[in-house]
Each structure stands twice: as C-alpha cells, then as structure tokens.
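These notes are about the structure you will find just below.
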C-alpha cells in the first residue's frame, strides 16, 4: 500500500514538473547556462577573491586568494581551477588544485601536494567546492519549478540536483533574475534534505563585457550569526595550459 | 636529519653564491621577490618511563626533564621574469636541554634549500642546487618518499604525521628535470656523490612517472642509492568525502638491524642487517574521510616485510635484560651493549604491522580552535602512542598549541621501550 502511494506520488510529481518545465518559454538548462556565463566568462580566466568570515557581525578571519579557472562551460573532465592563498600569512603560498572533480592541496612549508576531499573546509562557512566550483551546469541537473517576485524582481526558481557524489551540495534551489540572468539567492541542502546554507549574490559590476557578482554572502542555516562574505574582483582572461593543473606543477606556481 | 651536516651546509652555500652570480647576470629589471619568516618556540616536558628496558629504573641514561627548541625558518624567493627563480631556505636552531643541575645549550644553522629553477621550454623545468624532494601519497607512512619515509626522531610524536617532518628535512644536492604533459609528468633527478668530512653521500637517481586517469592518480618510480627500489602509488577519491590511497615499494635489503647472540664474549650480541640479496615489500594503505561538519579522520595501515618477527622481538628483549647470562654480571659489557643498541635500533619503526589514526575537528568551541587526537599502534604487540593536541590560531600570524603524548605498552613491547612515559609539548609559531 505504502509502495503504491509512493509510486503514485513519484508519477504525479514527475508529471507535474514535466508539465511545469514545458510551460516556460525557456528551459532550465538555458537559464543555467546564462547564469554560468554571469558567474564566469566562457574562456580561461583569473580573478581575485577575498573571503571574510563573520560571527555576530564581527569579522573573525579574512583570506585572500588568486584564482585561475579553465574549462567553464565544457565537460567536467576539462574543468580545472587553481587557488593560491595570499593572505593570511600563516596560509600564504598554499595552493588548492581542483582537477576533474579531485582536490589537492600544496602547502609550501611541507613541499608535498596532499590529496583532500571536496568536503574539507577552507574557511568558516565556505567549503572548498564553494570557492572553486563556479559551474552549475557541470555539477547539477536542473529543473525550472516556478516564477516568483523577489524584492520587486521577477525571478525564475530552479531546483538543482547534484550529478555526482563529489559535488559539494546534494540539492540547490536557485533564484535567477529574469531580466538579466543574475543569480540572486541559492539555498543549499544536504542529503537529509535539511537546509545547510543560503547564498546571496550582490553588487553586480561590469567585468569582461558582462555584469558579474562582486559579492556572495553565505549564511549558515542553523546559526544565522555565522556568515561568510566572498568578494570577487580583477577578472582577467588568461592563457592557461592543461599541464598547470596537476599536483607536481604546484611547486612551480609563483 | 638530526646531525649537523657541514658538508651539505658548505655545498649549499657554494651553490647559493653561484646562483646569486647567475641572478646578477639575469635581467634585474624583472626581479621580483617574496619572503616568509617563521619563528617557532617549542618547550617539551617529559616524564621518565622507569620500566623501559632501554633505560631500566631511569638510571642508565639521563633523560632530560625538559628541553626548549627555537627555530627561525627563513624562506626567500627571487623571480627573474617568467622563466627563472631562485629559492633559498635556511634554519637557525637553538636548543636548551636540562641536564641535572645545569642546562646544555647548543645552536646550529643549516641551508635547507638553495636552488635555481629554470623553464627550458613551456613544459620542461630544470632545477639545480640543493632541494628537498618529497614524495609519496599516503599520510603517516610514505614508502615511496625515498629520502625519508618515516620519522627517525620519535621525540615529537604529535607530528608523526609525515607532513610536519618533511618540513625540517634537509635538501639534497641534485639536478632535477621535470617534463609536464596534459596527462601527467615525468621527473628525473640525479644527485652526485659527495665525500667531505664525515659525510659521504652516495650518488642517486630518481625517476618518477605520474599520470591521471579520471579520479585515479598513479605514480610509478625507480630510486637507486646504494640499493634499488621500485615504487607504485595509487590515489583515488570516492564521492565528496573519501580519499583512498595505497603505495608500495619493492626494495633490496634494509637499514633495519636485528640483534643476535654472538659466539664471542665481547660483543655479547651482534647487529645484523637484512640481506641485500633479498627483495622486501613495504606497503601503506590509507583512507581520509571528511564528515559534513568538517571532522576529518585519517586511518592508515602500514606493513613492512623487513620488520621484526616475533622471534626477533624476543631475542631483542632478551638482549636488553641486565640479568642475561651473556653479560656474565659484567656491568661494563652490559652498558657497552646498551650504547650500541641506542645507536643501531630505530625504535618506532622496527615492527611489521602498524596502524595510525588521526581525527581533527576544525573550528570548534570558538572559531580558531582545532582539537586533534591520534594514535599509532604496533599491531604485533599492541603497544601504542596516544596523543592529543589543541591548536589556536591568532590573527592569521600566530599559532599556539599544546600536545600531550602517552606511551602505552608492556615492558616487552616496542613503544614500551621508549624511555619516556608522557610528553607535554607547548609550542608557538609566529609568521612575519
């Protein structure tokens, strides 16, 4: 009986979402592609990232990174990134390599790249996946579920589901500004279905021919006094060779 | 690593001068530099293990109650345009050691690294000078890290995780070639033979091939220095929480020495090396798990075919017993044997089977506190080192930590041999 009820629910919910997706003039995949275009240009690029960790509105930590990204908009196998810490002094020179879904960390003092899991935390509310993963299309299957008005802006609301275990969050709910495809809010859910974090994209400024977010604030869902702000700046297109994105190369990065 | 290496110091300085001349020749217009100074202050208090067979009653050898170590770690890197750079690392170490009613002070300085990197072409890097080559994939035991895969200094067992030990390791004088491709890289390093003063480093070759297929990273290596070694390492990430790693070497002979009864009166026992005609395997398998709340757990099993059999352990323990008839009641012979034992046996790496476990939870209680617990167990006799550490970071420039180690083991067990029962280590680091 319970099995039948579950099957019925599954069929109805799938049928409903299919109908609902079809009823929009644009597909979820197209929206995600446009959102990814806002989050990063379609070519290899570099940017600076500053991360501030706040507790009860007081900054408890700050971190500065130089990030190189290659492979946006391509397949996961080609998506690669490097993030080099320039501040604080205790982490200066530490490099995080993301390649083909795997993470390696290079600590200059130790001189050896060590493999870590994407779940290992970088700072405060920010998982490594938050920093290096700028591509929704590669990481999630998307579904357009509704339209809403948020702060006077008409928005698409999308449900994203992780394509693989290695993706940082199991499910993400995303609000996208209909007029310009700016991501506005993301809700991140764990395997249990519990809300873990909420992200707020703010201050869109012109960079490399497009308005891109300058700030992303991530708020802990259980304790909202725990916040992490990420500030993006200095977007630059750059030629990046594939051979840079391997663990033994990290020693040579300046 | 614990020796004062004048040879390496001299050669490192000479290389540095050559490099500086080269640097002067290079385009100064493109000169850039970065630096890092780290000051480390470490105070250790230790309690004597009076049951230890290596120091019965705590009377045979003097174990200092405390010692203090100060280290100034300097790193300067000059970049000359896009193609070349010069890296220089130096350690200045000062030690104060309690010795009865007075203290013993010592200082030493050594050039850890001084090497020039040059990009011959886009995928070909050439390094020459004194450089620390690290290797291996696992965490506590890295058999394919040929220059030191396991700590020989068991005084600081809180950082038995090899990452920390690699930091204080001194580089080798070498020429290193690295070729980078999209699928991986090939490295060939050559170290020439040196014979200056007490040191006579043999020449070495290291060839390493690294490749990536999906989530699988693999390393194949060949190393020759006195004996041949072949290594294979595999690393694989499973989902977003797990990393699994496995590495092995096949090696001819071993540095491990066993104790056997001698036919002579002096010495009453002989120290025998493993045969260089035999091939032995050493293997480490590890997991790294991160939970959703950030808790990180590392577990690692280590097998050494060269390690002691139960029979060899028994003969070792028998040889340490002052009432052994081989000493014929002669305390001088016994003392002479014990001094030889201290010089020849590397307690902490004599066993066949070990298991290492570490759990770290970042950002608890307050945001900058990191508690850690760990243990290292000899699976043959059950003896264990249990430790805990708590670390506090201050303004991204300073770290304070307190570590407590407890050596658990019967009299006739590997970690029960360690002549200390507890260690308490207070440490602070400043980076400027």
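Protein chains in written order, with the working numbering: chain A, 73 to 326; chain B, -14 to 417.
For glycine and all other residues, C-beta sits at the position ideal for the given N, C-alpha and C.
- Short of 7 Å from the beta carbon of residue 307(B), and not among the five residues preceding or following it, lie these beta carbons of its own chain, in chain order: 41, 319.
- Flagged as an interface residue toward chain A: residue 167(B), by a C-beta distance shorter than 8 Å.
- Contact check between the stretch 155 to 175 of chain B and the stretch 101 to 116 of chain B: three or more CB pairs, one atom from each, fall below 8 Å, which counts as touching.
- Residue 58(B): not part of any alpha helix (DSSP H); member of the beta strand (DSSP E) spanning 51 to 65, first to last residue.
- When rounded, the separation of the alpha-carbon atoms in residue 65(B) and residue 122(A) is 28 Å.
- Per DSSP, residue 317(B) is one residue of the alpha helix (DSSP H) stretching across 316 to 329.
- Three or more beta-carbon pairs separated by less than 8 Å are not found between the stretch 271 to 282 of chain B and the stretch 322 to 334 of chain B, which leaves the two stretches without contact.
- Residue contact check for residue 337(B) against chain A: no CB pair falls below 8 Å.
- In the structure shown, residue 31(B) falls within a strand segment according to DSSP collapsed to helix, strand and coil.
- Counting along the chain, residue 393(B) sits inside no alpha helix (DSSP H); it lies in the beta strand (DSSP E) bounded by residues 383 to 393.
- Interface residue (Cβ-Cβ distance to chain B less than 8 Å): residue 324(A) is classified as such.
- Taking C-beta atoms as the reference points, residue 228(A) and residue 219(A) count as a pair closer than 8 Å.
- Fewer than three pairs of CB atoms, one per stretch, sit closer than 8 Å, so the stretch 109 to 121 of chain A makes no contact with the stretch 164 to 178 of chain A.
- The stretch 207 to 216 of chain B makes no contact with the stretch 157 to 167 of chain A: fewer than 3 CB pairs, one atom from each, lie closer than 8 Å.
- For residue 107(B), the neighbours in chain A by C-beta distance under 9 Å run, in chain order, 313, 315.
- According to the DSSP assignment, residue 272(B) belongs to the beta strand (DSSP E) that extends over 254 to 275.
- Residues of the stretch 108 to 120 of chain B whose Cβ lies closer than 7 Å to any Cβ of chain A, in chain order: 108, 110, 117, 119.
- At a cut-off of 8 Å between beta carbons, residue 197(B) contacts chain A.
- Residues of chain B with a Cβ closer than 9 Å to the Cβ of residue 320(A) are, in chain order, 163, 165, 169, 170, 172, 193, 195.
- Contact of residue 129(B) with chain A is not assigned, every C-beta pair being separated by 8 Å or more.
- The stretch 397 to 412 of chain B makes contact with the stretch 14 to 33 of chain B; the number of CB pairs closer than 8 Å reaches 3 or more.
- For the options 189(A), 156(A), 138(A), the alpha carbon positioned closest to that of residue 221(B) is the one of 189(A).
- A check of alpha carbon separations from residue 67(B) across 252(B), 373(B), 103(B) identifies 103(B) as the nearest.
- A distance of 8 Å or more separates the beta carbons of residue 276(A) and residue 260(A).
- Residue-level contact by beta carbon fails for residue 285(A) and chain B, as no gap is shorter than 8 Å.
- Contact annotation, residue 116(B) with residue 159(B): C-beta distance approximately 6 Å; criterion of less than 8 Å satisfied.
- One thing to note: residue 392(B) has its Cβ within 8 Å of the Cβ of residue 370(B).
- Going by DSSP, residue 314(A) is part of no beta strand (DSSP E) at all; its letter is neither H nor E.
- For the C-beta of residue 275(B), the chain A residues within less than 9 Å are, from N- to C-terminus, 188, 189, 190, 191, 192, 193.
- Going by C-alpha positions, residue 367(B) is about 33 Å away from residue 224(B).
- Listed in chain order, the non-local C-beta contacts of residue 191(B) below 6 Å within the same chain comprise 174, 208, local neighbours out to five positions each way being set aside.
- Around the beta-carbon of residue 253(B), 16 or more other beta-carbon atoms lie within 10 Å, marking it buried.
- Residue 77(B) has its alpha-carbon roughly 21 Å from the corresponding atom of residue 386(B).
- For residue 37(B), not one C-beta of chain A is nearer than 8 Å to its own C-beta.
- Among the residues of chain B, none has a CB under 9 Å from the CB of residue 211(A); the nearest is roughly 11 Å distant.
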